[in-house]
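Residue numbers (this note's numbering): 770 to 1256. Glycine included, C-beta positions come from ideal geometry on N, C-alpha and C. Take a look at the structure set out below.
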């Protein structure tokens, strides 16, 4: 009796050890998953077939020397640098990879998932050991192995896969939109930095002119033998000119720091930029030759909204797929009703095909279909509103450019007037008809008018840049048209 009990205990221990080994395999796989390396960083443009070949060649040529300490970054170079490492693009790039993985997971859902169950059992009590009709395996450790697989809902799986394909395309379009916004911010930073540098160059002559005026009043005081108010005013004007120049240099430094942050560069790192390299691209844009309805069809927003409508169609079909019953295939030793199992016979194996569906769902499926239909109606309404908003943005951008052009013409006339007055004062001074302070005042007025002209030019360039961004031409210059990439 003791020998039989020992034998049963050995068998039960062996079964427990087998289960423990299976559990340890699972734990080892989890540990391997934790220690496994992350996916290597991939440049998203490598998988975007719609990128213009010329721009892709420029990108490939720019990447090797992007981090050259002696490099001077043009606007295009800075855009490529921003695409490579800017923190502005991290979220959309990660979302793109997530949607691509989800698309792959949706494709594998076409195949059923086989499962295996292992049951190890033994008697805790032996109340029936003396019964004559007990099974021959009574009191022994039993090992039951069963197999089952749930077949996927074919309609739901198909449309879920289609929806994930569309979601991956929308994620790519969202990333393109984020890149386009980053390009617009870089172009704006270049424009403002270039204007500030030109203003600083113009204002460099103000301290010298103020110093000349101060020297003049010093000579006058030396002849008169007394100190007048004019010298004090000249000293204040010299301090004002020096502080204004210092302020302009600090503003230039701050704009350059802002540009570094946008590009994902350490603000303490040196970054030499050709700030004027963006001006030819802006000046070549003429929005009046474009039609907003045509450009609306080429924008990322329009593609995203159109994708939302198509996604709503898929969601409607997924909701309809809930009416299809679930089907499961099982292989085990559980007998169905009416199957004969003799007490001392061999245990039979059974194949079960199960269809599962509710008789009454209290309108749950119907409500799901109606909800999906209403979401599609919302997508249509959102697209119509976005189209109206786009037309309003186009009109406002056009009016802003017209206003900036008018203002620039006005400021240019004022500069020409100030320049003529300075030339007149200079001629009068050379002929002895006007004192030096008159020339200094005219020169300062001309410099201020020139600064105002540069500011007006900057406002016009920013207005054209905004119109270019609204039209999608700025993004298209680097990324191509969205529909050709994602459809």
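Taking the Cα of residue 1031 as reference, the smallest distance to any Cα among 990, 1015, 958 and 974 is reached at 958. For residue 917, the three-state secondary structure derived from DSSP is strand. Pairwise C-beta distances place the stretch 961–968 out of contact with the stretch 880–900, as fewer than three of them are shorter than 8 Å. One alpha carbon belongs to residue 1208, the other to residue 987, and they sit about 17 Å apart. Comparing alpha carbon positions, the residue from 1118, 922, 1201 and 945 closest to residue 1125 is 922.
With 16 or more other CB atoms across the displayed protein chains lying within 10 angstroms of its CB, residue 1069 is buried. Going by C-alpha positions, residue 913 is about 11 Å away from residue 1100. In terms of CA proximity to residue 938, 1074 leads the group 1074, 1117 and 844.
Taking 9 Å as the cut-off, the beta carbon of residue 1122 is found closer than this to the beta carbon of residue 1098. Residue 1111 carries a coil assignment under DSSP once its states are collapsed to helix, strand and coil. Judged by their CB atoms, residue 862 and residue 933 are not nearer to each other than the 9 Å cut-off. Non-local beta-carbon contacts of residue 857 in its own chain, meaning distances under 6 Å to residues more than five positions away in sequence, involve 951 in chain order.
Going by C-alpha positions, residue 1009 is about 14 Å away from residue 969. Here residue 877 is exposed. Its C-beta has fewer than 16 other C-beta atoms within 10 Å. CA-CA distance, residue 1152 to residue 1127, rounds to 38 Å. For residue 1160, DSSP records no beta bridge to any residue.
Just so you know, the alpha carbons of residue 1214 and residue 1071 end up roughly 49 Å apart. Check the Cα spacing between residue 973 and each of 954, 1012 and 1161: the tightest is with 1012.
Taken through DSSP and simplified to helix, strand or coil, residue 879 comes out as coil. Taking a cut-off of 8 Å for Cβ pairs, the stretch 1165–1185 and the stretch 1224–1239 touch, as three or more such pairs fall below it.
For residue 1122, the uninterrupted beta strand (DSSP E) segment begins and ends at 1119–1125. Where residue 1103 is concerned, there is no enclosing alpha helix (DSSP H), because DSSP gives it neither an H nor an E. With the rule of 3 Cβ pairs closer than 8 Å, the stretch 1077–1097 counts as touching the stretch 1136–1149. Look at residue 841 here: in three-state DSSP terms it is strand. A Cβ-Cβ contact shorter than 9 Å links residue 865 with residue 940.
Take the alpha-carbon of residue 1160 and the one of residue 1061: they are about 7 Å apart.
With contacts defined by Cβ atoms closer than 9 Å, residue 1250 and residue 1077 do not form a contacting pair.
Counting only the Cα atoms, residue 1055 lies some 12 Å from residue 1235. When C-alpha distances from residue 1185 are compared across 1171, 1221 and 1200, the shortest belongs to 1221. Here the C-alpha atom of residue 843 lies approximately 8 Å from the C-alpha atom of residue 1047. Taking residue 1028 as the centre and dropping the five residues before and after it, the same chain places the C-beta of 958 closer than 6 Å to its C-beta, in chain order.
Within the same chain, 1104, 1116 and 1117 come within 8 Å of residue 1110 by CB-CB distance, once the 5 residues on both sides are set aside.
Counting of Cβ neighbours within 10 angstroms places residue 979 among the buried residues, the total reaching 16 or more.
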